[in-house]
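Worksheet: the structure to be examined is printed underneath.
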Amino acid sequence: MTTPDPLAQVPAVGWELTMINDHHNKFYRLIVCGALLVTSYGPIGRKGTTQLTELPSFTDASTRAVTITRQKERKGYQSSIAPMRFSVAADLPTPARLSTLAGRDELVDCFLSASC
37 MTTPDPLAQV PAVGWELTMI NDHHNKFYRL IVCGALLVTS YGPIGRKGTT
87 QLTELPSFTD ASTRAVTITR QKERKGYQSS IAPMRFSVAA DLPTPARLST
137 LAGRDELVDC FLSASC
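Printed below as a string of structure tokens:
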């Protein structure tokens with residue numbers, strides 16, 4: 037068994053939608069990392085809820101993310117963070133790692149800071 041390179045990086049893409057009006061002040065964030073789709077949603081200014089969905093491939097995860105985005109746009113959400121590419125540590129996007137709150141938070145923080 038080989039030891040993973042601690043400096044290895046995995047490409048990811050993410051974007052964020054918001055709904056801000058007289059009745060709502062909420063966000064919906066989508067991050068695709070390999071075959072994983074990480075969604076976070078809730079009131080702006082709070083951590084919200086994060087869910088992890090493992091799909092068969094990057095294409096499937098991307099397609100699901102775009103489908104969700106279109107559904108949210110029909111409900112009145114607007115893009116607040118344009119799609120951006122970034123890289124994350126290779127050991128981060130494993131389902132076991134992202135199934136922990138710390139792993140999901142690390143991925144979201146990486147996306148929001150775009151400095152990883």
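Residue numbers for the sequence shown, in the working numbering: 37 to 152.
Beta carbons are placed, not taken as given, at the ideal position from N, Cα and C, and that holds for glycine.
Just the Cα atoms here: how many angstroms apart are residue i and residue j?
| i | j | result |
| --- | --- | --- |
| M37 | W51 | Residue confidence is low: M37 scores 48 on pLDDT, short of 50, so the model does not pin down where it sits. Its coordinate-derived value is still stated next. Rounded to whole angstroms, M37 to W51 spans 36 Å at the Cα level. |
| A132 | I80 | 28 Å |
| I117 | F63 | 10 Å |
| D96 | L88 | 14 Å |
| T103 | R110 | 11 Å |
| N61 | S115 | 14 Å |
Identify, in the order they occur along the chain, each residue of the same chain with its Cβ nearer than 8 Å to the Cβ of residue i, setting aside the five sequence neighbours on each side.
| i | result |
| --- | --- |
| M120 | V49, G50, W51, F147, A150 |
| V46 | C69, G70, S123, V124, A125, A126, L128, P129 |
| R100 | L73, T89, L91 |
Considering only the alpha carbon of each residue, which of the options lies closest to residue i?
| i | options | result |
| --- | --- | --- |
| V144 | M55, T86, H60 | T86 |
| R65 | S135, T136, Y113, D96 | Y113 |
| F94 | V74, E109, G78 | V74 |
| P142 | K108, S116, K83 | Note on residue identity: the sequence assigns Glu, not Pro, to residue 142. For E142, the nearest C-alpha among the options comes from K83. |
For residue i, count the other beta carbons within 10 Å of its own beta carbon; 16 or more makes it buried, fewer makes it exposed. Which is it?
| i | result |
| --- | --- |
| A138 | exposed |
| R140 | buried |
| S135 | exposed |
| S76 | buried |
Going by DSSP, what residue range makes up the alpha helix (DSSP H) through residue i?
| i | result |
| --- | --- |
| L72 | No alpha helix (DSSP H) contains L72, which is instead part of the beta strand (DSSP E) from 72 to 79. |
| L148 | 137 to 149 |
Which stretch, first to last residue, makes up the beta strand (DSSP E) that contains residue i?
| i | result |
| --- | --- |
| A101 | It is not in any beta strand (DSSP E) - A101 instead sits in the alpha helix (DSSP H) that spans 94 to 110. |
| A126 | Premise fails: A126 is in no beta strand (DSSP E) and is neither H nor E. |
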